[in-house]
Each structure stands twice: as C-alpha cells, then as structure tokens.
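For reference, the structure is listed below as structure tokens.
Numbering (full-length UniProt numbering), first residue to last: 1 to 101.
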C-alpha cells in the first residue's frame, strides 16, 4: 500500500492541474500553479506526521504560509467537487481517508 503522503501529493497535483486547465484555461501548468504545486509537495515532504498524517484540513499544525494556504484553499474549493466527476475513485478514497482520521 502506498504512503498516505504520496497519495495526498498525487491528489493535490490532480486538483491543481484541473484548476489551472479548467478554471484558468491553460493547457500546461502556469508559473503560479507550478509554484503552488512545488510548495505543496515540499510541505507534504516535510510533514511531521508522515505515515500517520491527517488531512491538512484537520491538522493541528498549519505549516502553509498564509498566502499559500489561501491559494490552496481556493483550488480545493473549486476542484474538490469536480474530482467526483473527473476522478471519482481518487475522490472517494480521499473522503474515506479523511473520515477515518
């Protein structure tokens, strides 16, 4: 079974790519979205909870800078519901994992 941090990285990447493509109209990641993806991956790599990681929304430690947290929230708010249409298996897995922790 894959590490939950790796799965979360994949989910965040899908959401950022969807946001950039459908909301901003870019075929490839724009510089802002690429920067956000790199930042999110870095934060997940440095997560102190690693294997027993709660979802970032439920985490007691907010490791994102305020500006990046606002950007990630905007992406998640837009892409979250659409994940059920474009990537239903990943979305349901994420929801189940979120409910368990």
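Think of the CB as a built atom: it goes at the ideal place given N, C-alpha and C, for glycine as much as any other residue.
For residue i, the nearest candidate out of the options (CA to CA)
| i | options | result |
| --- | --- | --- |
| residue 5 | 64, 45, 78 and 63 | 45 |
| residue 36 | 81, 87, 74 and 89 | 74 |
| residue 80 | 61, 19, 68 and 52 | 19 |
| residue 3 | 30, 21, 17 and 47 | 47 |
| residue 21 | 34, 50 and 64 | 34 |
Outcome for residue i when other beta-carbon atoms lying within 10 angstroms are tallied against a minimum of 16
| i | result |
| --- | --- |
| residue 91 | buried |
| residue 62 | exposed |
| residue 93 | exposed |
| residue 71 | buried |
| residue 89 | exposed |
| residue 66 | exposed |
| residue 85 | exposed |
Pair within 8 Å by beta-carbon distance, residue i and residue j
| i | j | result |
| --- | --- | --- |
| residue 76 | residue 15 | yes |
> Are the stretch 19-35 and the stretch 55-63 touching by the rule of at least three beta carbon pairs closer than 8 Å?
Replying inline: no
> Hey, is the stretch 25-44 in contact with the stretch 88-100, meaning 3+ C-beta pairs nearer than 8 Å?
Replying inline: no
> Quick one: complete alpha helix (DSSP H) runs, 4+ long, within the stretch 50-88?
Replying inline: 66-86
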